[in-house]
Amino acid sequence: MIGHITYLSDDAMGKKFGRELKAGTFKQGTDESVEFQVESYLRYQGDVFSNKFDANTYILMTKALDYFDLAREYHDDAIEAFSTAKCRFMVISFTTDWRFSPDRSREIVDALMDANQPVSYAEIESNYGHDAFLLPNERYENVFRQHMNTIDPGEERQ
Amino acid sequence: MNMRNDLSIIQDWIQPDSRALDLGCGDGTLLATLRDRKNVEGYGLEIGADQITACIAKRVNVIEQDLDKGLDNFSDKSFDTVIMTQALQAMRFPHLVLEEMLRVGKECIVTFPNFGHWKARWHLALNGRMPVSDLLPYEWYDTPNIHFCTFKDFEVLCREKNINILNRQVVADGALSVFKDMKPNLFGETALYHLTRQGA
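Residue numbers (our numbering), protein chains in the order written: chain A, 46 to 203; chain B, 11 to 210.
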């Protein structure tokens with residue numbers, strides 16, 4: 046459930062659920078238990094998730110993500126790590142994404158520029174948090190389309 | 011490619027095979043031309059969404075970054091030339107941006123519209139209102155240009171800040187433009203400065 050929240054943004058959650066109740070009331074003198082809409086939604090998502098995924102697979106995937114370190118084999122220096130790259134880079138971030146925040150993307154971009162690698166960077170305004178990369182967004186689609194148009198499949202950088 | 015007048019002049023001030031940073035790079039025309047004609051590598055910084063897309067379409071490296079927040083992410087003398095065309099007057103703190111440019115670049119090129127041009131003076135003197143023209147088409151309350159200066163103003167700033175002027179040039183259109191080199195502050199529409207801190 047915590048994982049699920051990180052894919053969304055404050056605004057998206059607020060708009061979708063706010064403080065709406067699924068059951069119960071805040072009136073004094075009643076002992077019916079209170080349940081928020083957002084609680085019910087997250088519990089449902091949790092149930093679906095635990096049936097879809099093998100928990101051990103998920104632990105393994107999470108660890109694999111944790112263990113990935115771009116710079117470990119390059120003296121902990123991201124610039125050195127990027128310096129042997131042979132491709133052009135296009136970095137895109139979304140303003141409300143707190144899983145891969147714009148700050149982290151800018152760190153990547155700065156290291157690429159210090160390594161003298163070709164890179165472009167766009168920071169897309171969106172209210173949908175990490176999920177934004179899966180949702181329609183005119184600017185995001187334009188940037189992505191224009192970049193893909195410049196790629197020559199047979200191209201190799203000197 | 012149809013180049014703005016100022017852009018074609020400053021090309022001559024940039025060494026082949028060098029590394030350039032273009033602040034407020036617009037649609038990337040200058041960087042694309044420098045890449046194709048002089049094998050200059052580099053990056054453009056820009057905040058306009060459509061401009062950024064235009065750069066990407068030209069295969070110009072463009073980074074979305076607000077210049078008013080500084081150039082902290084670039085180290086000292088990491089570029090041969092730092093360029094800023096027609097954007098200085100839109101900065102919140104032009105003098106600080108200039109300092110940052112001279113820190114990051116070995117040399118700098120700055121171009122800006124001359125507010126001392128006779129048309130601007132004429133407009134203010136006769137109409138008593140802020141100049142609005144084809145060159146500066148904005149009303150005072152709704153304009154990106156918040157810090158206008160004249161050639162003389164800029165040279166005073168350079169003197170105060172110990173900035174060396176390597177080259178200066180003015181461009182102008184129209185019948186009176188023949189006088190631009192004699193009386194640049196009156197007849198020059200756009201100022202072009204090639205600057206450095208080294209040896210100052």
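Idealized CB from N, CA, C, for every residue including glycine.
Treat the numbers as computed from the prediction; the structure is a model and nothing was measured.
- Restricted to the stretch 162-200 of chain A, the alpha helix (DSSP H) segments that are unbroken, complete and at least 4 residues in length are 183-194, listed in chain order.
- In chain order, 158 and 164 make up the part of chain A whose C-beta sits under 8 Å from the C-beta of residue 53 of chain B.
- Annotation: residue 101 of chain A has no Cβ neighbours in chain B at a cutoff of 7 Å; minimum Cβ distance is about 41 Å.
- The shortest C-alpha to C-alpha distance from residue 178 of chain A to any of A/192, A/191, A/145 and A/149 is the one to A/145.
- Taking 7 Å as the cut-off, the beta carbon of residue 24 of chain B is found closer than this to the beta carbon of residue 91 of chain B.
- The beta carbon of residue 175 of chain A lies closer than 7 Å to those of 51, 52, 142, 144 and 145 in the same chain, with the five residues before and after it left out.
- Taking a C-beta distance under 7 Å as the contact criterion, residue 65 of chain B and residue 34 of chain B do not qualify as a contact pair.
- Taking a contact to require three or more Cβ pairs closer than 8 Å, the stretch 148-167 of chain A and the stretch 129-138 of chain A qualify as touching.
- Taking one beta carbon from each stretch, the stretch 118-128 of chain B and the stretch 84-104 of chain B have 3 or more pairs nearer than 8 Å; the two touch.
- Neighbours of residue 155 of chain A in chain B, taken as residues at a C-beta separation under 7 Å, are given in chain order as 83.
- With a cut-off of 8 Å on Cβ pairs, the stretch 163-180 of chain B is not in contact with the stretch 181-201 of chain A, counting fewer than three such pairs.
- Note on the stretch 61-100 of chain A: whole beta strand (DSSP E) runs with a minimum of 3 residues are 66-68, in chain order.
- In this structure, the CA atom of residue 154 of chain B is about 18 Å from the CA atom of residue 80 of chain B.
- Contact annotation: residue 105 of chain A and residue 127 of chain A have beta-carbon atoms that are not nearer than 7 Å.
- Cβ contact annotation for residue 42 of chain B (same chain, cutoff 7 Å, sequence separation greater than five): 68 and 70, in chain order.
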